[in-house]
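*Asks:* This is the structure I want to talk about, given as structure tokens.
Residue numbers (the working numbering): -4 to 382.
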């Protein structure tokens, strides 16, 4: 694929030479006119400049998000180690919104095939349609983690695509969505029928209060995701006034960074998107851009601290067989000697090869303790129901 056909270079208004020598920008391959070679890269930043899908008055501010985040992100300091990251520039939007989705899909699919993790920045939350469909050619089942203050499954006849895009994802054919998690939704913003629909489909949605009660409990959920779609409006207005649908309540900036750190650590996660930043609504000091750039910094830090927790049949794991005394008779737990993280094995029909990847389900020590009491962990029940 010739990426030059899809991208405009990073804006000349961002003068890289003016950043101090120890700034992170000097450790990134930047498309300043010459497209970086993605061969051997770990990650690639993709700026999205299409604000369509949100209210018309918001589209201009959403289209400027990527460049505004760059200005803040570039000046952060790099940690130890070598980065293999490129900024490919801004993806040219299509004549129609559907054309933009297709371009995101094509570029995302190509990067995934090259084992390069795409980082999408900009646009409304409906841009994650392209992020999701990028997995279509990989012929594998996908688990989505979405962070948002709403469920975004409104009636398409009455709402904008930014509030209905999950309807499209859930109904997409071919269907390669295995599981869907939502973090940080606010109950008073959600219609009861939407919550009921999520339960019907055995998808898991965690209220804002549950997430904030102890964010460490969310780590196994985050560790189960193949892709992260983060709507900035899930963060409090105090931290991110530029969230297009931001509210007084929400995640703190620190909690958002913690989620991104966990996502970076997730060996399974292969793409991330940051959506819903409206530059026109941001504060004069661009507080929102700084929070997003810090979230991105923590994601990258997590990525370069991955432990390689993939081969469950190696000597890197302790295996615990817990008798349940029912159906199933027992559950097998795995604890990594490298990261000290836990997984549990969920049986599945051997002929359904597509489910193999979801056979090992991330869990916590508390799930192990629950099994010791003879109780089936809820995560086990939910996944088994899908099989």
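C-beta: ideal position from N, C-alpha, C; glycine also. Since the model is a prediction, treat every value here as computed from it, not as a measurement.
Please confirm if the segment 146 to 165 is in contact with the segment 242 to 256, defined as three or more CB-CB distances below 8 Å between the two stretches.
*Replies:* no
*Asks:* Would you mind stating whether residue 260 and residue 222 have Cβ atoms separated by less than 9 Å?
*Replies:* As a first step, residue 260 must be located in the chain shown, where it is residue number 265. As a first step, residue 222 must be located in the chain shown, where it is residue number 227. In this structure, residue 222 does not lie closer than 9 Å to residue 260 by Cβ.
*Asks:* Should the segment 15 to 29 be called in touch with the segment 78 to 91, which here means at least 3 C-beta pairs below 8 Å?
*Replies:* yes
*Asks:* According to DSSP, which residues form a beta bridge with residue 190?
*Replies:* Residue mapping note: residue 190 aligns to position 195 of the chain shown, counting from 1. In the DSSP assignment, residue 190 is bridged to no other residue.
*Asks:* Rank 287, 278, 220 and 37 by C-alpha distance to the C-alpha of residue 229 and give the top, closest one.
*Replies:* The sequence position of residue 229 within the chain shown is 234, counting from 1. The candidate whose alpha carbon is nearest that of residue 229 is 287.
*Asks:* Using 8 Å as the threshold, is the segment 160 to 177 in touch with the segment 186 to 201, meaning 3 or more CB pairs across them?
*Replies:* yes
*Asks:* Excluding five sequence neighbours on each side, which residues of the same chain lie with their C-beta closer than 6 Å to the C-beta of residue 218?
*Replies:* Reading the chain shown from its first residue, position 223 is the one you call residue 218. So the qualifying residues of the chain are 261 and 357.
*Asks:* One question on the structure: do residue 20 and residue 272 come within less than 9 Å of each other, judged by their Cβ atoms?
*Replies:* Within the chain shown, the letter at position 25 stands for residue 20. Within the chain shown, the letter at position 277 stands for residue 272. Going by C-beta atoms, residue 20 is not nearer than 9 Å to residue 272.
*Asks:* Straight-line CA distance for residue 179 to residue 142?
*Replies:* Translated into the one-based positions of the chain shown, residue 179 becomes position 184. Translated into the one-based positions of the chain shown, residue 142 becomes position 147. Across the structure, residue 179 and residue 142 are spaced so that their CA atoms are roughly 6 Å apart.
*Asks:* Exposed or buried, what is residue 17 when buried is set at 16 or more other beta-carbons lying within 10 Å of its beta-carbon?
*Replies:* Translated into positions along the chain shown, residue 17 becomes position 22. In summary, residue 17 is exposed, with fewer than 16 beta-carbon neighbours lying within 10 Å of its beta-carbon over all protein chains present.
*Asks:* Grouping DSSP H, G and I as helix and E and B as strand, with all else coil, what is residue 326?
*Replies:* Translated into the one-based positions of the chain shown, residue 326 becomes position 331. Looking at residue 326 - three-state DSSP - the assignment turns out to be strand.
*Asks:* Around the C-beta of residue 300, are 16 or more other C-beta atoms found within 10 angstroms, so that it is buried, or is it exposed?
*Replies:* Walking along the chain shown from the start, residue 300 turns up at place 305. Exposed, by the Cβ-count rule.
*Asks:* Helix, strand or coil for residue 315 per DSSP?
*Replies:* For the purposes of this step, residue 315 is taken as residue 320 along the chain shown, with counting starting at 1. Note: residue 315 maps to strand in three-state DSSP.
*Asks:* Does residue 215 come out as helix, strand or coil in the three-state DSSP assignment?
*Replies:* Working through the chain shown from its first residue, we reach residue 215 at position 220. Residue 215 falls in the helix class under three-state DSSP.
*Asks:* Closer than 8 Å by C-beta to residue 185: which residues in its own chain qualify, once you throw out the five before and the five after it? Chain order, please.
*Replies:* Along the chain shown, read from residue 1 onward, the residue named residue 185 stands at position 190. The residues are 145 and 146.
*Asks:* Look at residue 366 and residue 326 and say whether their C-beta atoms are less than 9 Å apart.
*Replies:* As a position in the chain shown, residue 366 is number 371, starting the count at 1. As a position in the chain shown, residue 326 is number 331, starting the count at 1. It is a contact, given that the beta carbons lie within the stated cut-off.
*Asks:* Using the Cα positions of residue 393 and residue 138, report the straight-line distance between them to the nearest angstrom.
*Replies:* Lying outside -4 to 382, the shown extent of the chain, residue 393 is not represented and no answer is given.
*Asks:* By the DSSP assignment, the beta strand (DSSP E) with residue 155 in it spans what residues?
*Replies:* Counting from one through the chain shown, the residue named residue 155 turns up at place 160. First-last for residue 155: undefined, no H or E at that position.
*Asks:* Quick check on this structure: which residue in 40, 29 and 9 has the alpha carbon closest to the alpha carbon of residue 267?
*Replies:* The residue you call residue 267 lines up with position 272 of the chain shown. The residue with the shortest Cα to Cα distance from residue 267 is 40.
*Asks:* Does the contact criterion of 3 or more C-beta pairs under 8 Å hold for the segment 333 to 345 versus the segment 370 to 380?
*Replies:* yes
*Asks:* Residues in the same chain with beta-carbon distance under 6 Å from residue 349, minus the five sequence neighbours each way, listed in chain order, please.
*Replies:* Reading the chain shown from its first residue, position 354 is the one you call residue 349. Low confidence applies to residue 349: its pLDDT is 47, below 50, so where it sits in the model is not reliable, and the reading given next is rough at best. 136, listed in sequence order.
*Asks:* Check whether the Cβ atoms of residue 270 and residue 103 lie closer than 9 Å to each other.
*Replies:* Locating residue 270 in the chain shown gives position 275, counting from the first residue. Locating residue 103 in the chain shown gives position 108, counting from the first residue. Not closer than 9 Å, so no.
*Asks:* Return the chain-ordered ranges of every alpha helix (DSSP H) run that is complete within the segment 106 to 153 and spans a minimum of 4 residues.
*Replies:* 123 to 128
*Asks:* Tell me the residue span of the beta strand (DSSP E) that contains residue 250.
*Replies:* The sequence position of residue 250 within the chain shown is 255, counting from 1. First-last for residue 250: 248 to 260, but that is the alpha helix (DSSP H), not the beta strand (DSSP E).
*Asks:* Taking the C-alpha atoms as reference points, what is the distance between residue 281 and residue 123?
*Replies:* Position 286 of the chain shown holds residue 281. Position 128 of the chain shown holds residue 123. Those two C-alpha atoms are separated by around 24 Å.
*Asks:* How many Å lie between residue 194 and residue 8 at the Cα?
*Replies:* What you label residue 194 is simply residue 199 of the chain shown in a count that begins at 1. What you label residue 8 is simply residue 13 of the chain shown in a count that begins at 1. Straight-line Cα distance between these residues: approximately 48 Å.
*Asks:* Which whole-angstrom value describes the C-beta separation of residue 73 and residue 37, a residue pair presumed to lie in contact below a C-beta threshold of 8 Å?
*Replies:* Position 78 of the chain shown holds residue 73. Position 42 of the chain shown holds residue 37. 14 Å between Cβ atoms; not a contact.
*Asks:* So, at 8 Å on beta carbons, what are the nonlocal neighbours of residue 295 in its own chain, with the 5 sequence-adjacent residues on each side left out?
*Replies:* Sequence index remark: in the chain shown, residue 295 carries index 300 (1-based). These residues qualify, in order along the chain: 38, 78, 80 and 259.
*Asks:* Return the first residue and the last residue of the alpha helix (DSSP H) that residue 231 is part of.
*Replies:* In the chain shown, counting from the first residue as 1, residue 231 sits at position 236. No alpha helix (DSSP H) contains residue 231, which DSSP labels as neither H nor E.
*Asks:* Please classify residue 204: does DSSP put it in a helix, a strand, or coil?
*Replies:* Position 209 of the chain shown, counting from 1, holds the residue named residue 204. Residue 204: helix per DSSP, three-state reduction.
*Asks:* Tell me the rounded alpha-carbon separation between residue 227 and residue 290.
*Replies:* On the chain shown, residue 227 is found 232 positions in, with the first residue counted as 1. On the chain shown, residue 290 is found 295 positions in, with the first residue counted as 1. Cα to Cα, residue 227 sits roughly 10 Å from residue 290.
*Asks:* Going by the beta-carbon positions, is the gap between residue 97 and residue 106 smaller than 9 Å?
*Replies:* In the chain shown, counting from the first residue as 1, residue 97 sits at position 102. In the chain shown, counting from the first residue as 1, residue 106 sits at position 111. In this structure, residue 106 does not lie closer than 9 Å to residue 97 by Cβ.
*Asks:* Under 8 Å by Cβ, that's how I've got residue 275 and residue 46 pegged, so tell me the actual separation to the nearest angstrom.
*Replies:* Along the chain shown, read from residue 1 onward, the residue named residue 275 stands at position 280. Along the chain shown, read from residue 1 onward, the residue named residue 46 stands at position 51. Not really, about 10 Å apart at Cβ, beyond 8 Å.
*Asks:* Measuring CB to CB, does residue 164 end up less than 9 Å from residue 189?
*Replies:* Here residue 164 refers to the residue found at position 169 when the chain shown is read from its first residue. Here residue 189 refers to the residue found at position 194 when the chain shown is read from its first residue. Not in contact: residue 164 and residue 189 (Cβ atoms no closer than 9 Å).
*Asks:* To the nearest angstrom, how far is it from the Cα of residue 371 to the Cα of residue 159?
*Replies:* As a position in the chain shown, residue 371 is number 376, starting the count at 1. As a position in the chain shown, residue 159 is number 164, starting the count at 1. Residue 159 has its alpha-carbon roughly 34 Å from the corresponding atom of residue 371.
*Asks:* In angstroms with no decimal places, state the Cα-to-Cα distance between residue 375 and residue 33.
*Replies:* By 1-based counting over the chain shown, the position of residue 375 is 380. By 1-based counting over the chain shown, the position of residue 33 is 38. Their Cα atoms are separated by approximately 39 Å.
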